[in-house]
Each structure stands twice: as C-alpha cells, then as structure tokens.
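The structure appears below as structure tokens.
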Amino acid sequence: MRIKIEEAVVVEGKYDKIRLESLLDTIIIVTGGFSIFKDKEKMAMLRMLAEKKGLLVLTDSDSAGFVIRNYLTGSINPDRIKHAYIPDISGKERRKAAPSKEGKIGVEGMTTETLLDALKNAGVTVIGSCADSSDSDMLKAPPEKDALIAKSDFIDDGLIGRENSSLLRKALLRELRLPELMSTNALLKVINTAASKEEYIRIIEKIKNSEQE
C-alpha cells in the first residue's frame, strides 16, 4: 500500500513520476525538464499547490536537476517548498541504452530504501497510517531537537573557510548519501531535519580520523 503524504511532489520526467507513484499517494507533477521555464500555466499550478499543500521537490542529482530545483525555489515561495535529495550513484537506468551525460542514476533508478531515506530527510508530512507500517515509520520526521547544527559549527569543524573545506564537505555529503552539488545551506537544513547533533559529531570525527590514516 502506498504512503499518503500531504505535500505535492515535483519530479523531472514521466518515469520519475511512475516510480514515485508506486510509493506515494499524493499529487505528482512532472516539470518536463527545462520546459518548465516557459510553462506559465504549470508554474501557476505549482504555486497554487505550494500554498495549499506544500511542495516536495525531488530532482536528479546532476547539474540539470539542480538547475530545475533552483529555478523552482526562486519562482515559488521557498517557505512552502521542501527538498528531497538522492545520492550520487554512477550507472544507468535499465530502460536506457547508455548512461546520462554525467553518468549518474536518476530518481527513476533509485531503490525504494534510497527514495524513502530521501523523503524522510526532507521531513515530509505523512497522513494517517498505511498497511506497511515500516515504510510509514521511515517517513515520519524525527522529533524536535534541542541542539541544532549552526553554520558556526561548520566553521569550527573546518567545513567552511579552510583550504580543505570543500573536500571535507564532499566527504560529509558522501557519508550522508547526499549529492555533491548541494549548497552549504541545503546541507545544513538536511542535517537539522534528519540527524541529531551527536550523529553529526560522530560523522565529522570519522571523516577527520580517516584523513589522518
């Protein structure tokens, strides 16, 4: 049984939509790739859905996916948008003869576990219960945390402002199974949605220890 969520979901292509429809009971809108830039009617619909339900944006982890994601964030009230990110995984979808330009698997090729992780990290709103309670529980946002990660923590831990900061951030993104093209602000938001401060500290220590070996 599919999981019912409050937010409408925005994906890039029809195969992404088919993949998500197998997991979620909600409205799923296809941008049609870059054609969304000129589709005023669809943008008006997305703005309406954002105000009524909230939007969840789930694009591929390649540069094109981030261009679309950033366009939507700049065109729609960002307070009404949640972002779900899939990791950078090399390969191709089964239906394709060759990999994409950047060689990364898109939303349609992700496993159920990976997609559920991405949705949970985005803090989607689950409505009611579903027959498969394990999946439903996976999507429930974690409880409010007293201790949040701040940008000052990133600075203290060397993720910002140092010569090797970019390498440290990439290592952190890999540990969290997030795409390397994510901005620092987006990374901070995901960590504060999906992880505790203790988990963050543990991962940072792991990364720094591996550098010293």
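For any residue, its number in the numbering used here is found by taking its place in the sequence shown, counting from 1, and adding 61.
Cβ atoms here follow ideal geometry from the backbone N, Cα and C, with glycine treated the same way.
Inter-residue CB distance, residue i and residue j (contact presumed, cutoff 8 Å)
i	j	result
I89	V72	6 Å
V251	N182	5 Å
Contacts around residue i, its chain only, beta-carbon distance under 8 Å, and the 5 residues preceding and following it disregarded
i	result
M171	R80, I147, I150, A179
A247	H144, Y146
R238	P148, T175, D178
R63	E82, S83, L84, L85, D86, C191
P204	The pLDDT assigned to P204 is 48, lower than 50, so where the model puts this residue is not dependable; a value taken from the coordinates is nonetheless given after this. Hits under 8 Å: none found.
I97	K103, M104, I129, Y132, L133
G222	I216
I188	K65, I66, E67
G94	E73, G74, A125, I129
T245	K212, F215, L220, I221, R230
C-beta contact flag for residue i and residue j at 8 Å
i	j	result
A105	I142	no
K65	D86	yes
A163	G115	In the sequence as displayed, the identity of residue 163 is Glu instead of Ala. No, Cβ-Cβ distance for E163 and G115 is not below 8 Å.
I129	T175	no
G152	P160	yes
S124	L234	no
I268	E224	no
Opening and closing residue of the alpha helix (DSSP H) in which residue i lies
i	result
V91	Not the alpha helix (DSSP H): V91 falls in the beta strand (DSSP E), residues 89 to 91.
A179	173 to 183
A111	101 to 113
A211	Looking at the DSSP string, A211 is not in any alpha helix (DSSP H), and its letter there is neither H nor E.
K258	258 to 273
I79	75 to 82
V128	124 to 136
V251	245 to 255
K162	K162 -> no alpha helix (DSSP H), and no H or E assigned at all.
K231	226 to 236
Spatial neighbours of residue i in its chain, beta-carbon cut-off 7 Å, leaving aside the 5 residues before and after
i	result
G126	E73, T120
S136	M104
T173	L84
Y261	I210, I252
Cβ neighbours of residue i in the same chain (closer than 6 Å, five flanking residues each side left out)
i	result
I265	D218
L229	G219, L220
N253	L209, I210
E169	Y76, D77, R80, E154
A255	N182
R108	I137
P240	S122, Y146, D149
Range of the contiguous beta strand (DSSP E) that encloses residue i
i	result
L116	116 to 119
I66	Premise fails: I66 is in no beta strand (DSSP E) and is neither H nor E.
I188	It is not in any beta strand (DSSP E) - I188 carries neither H nor E in the DSSP assignment.
I142	142 to 145
Q: Could you tell me whether the stretch 211 to 223 touches the stretch 110 to 120, using the rule of 3 or more Cβ pairs below 8 Å?
A: With the cut-off at 8 Å, the stretch 211 to 223 and the stretch 110 to 120 do not touch.
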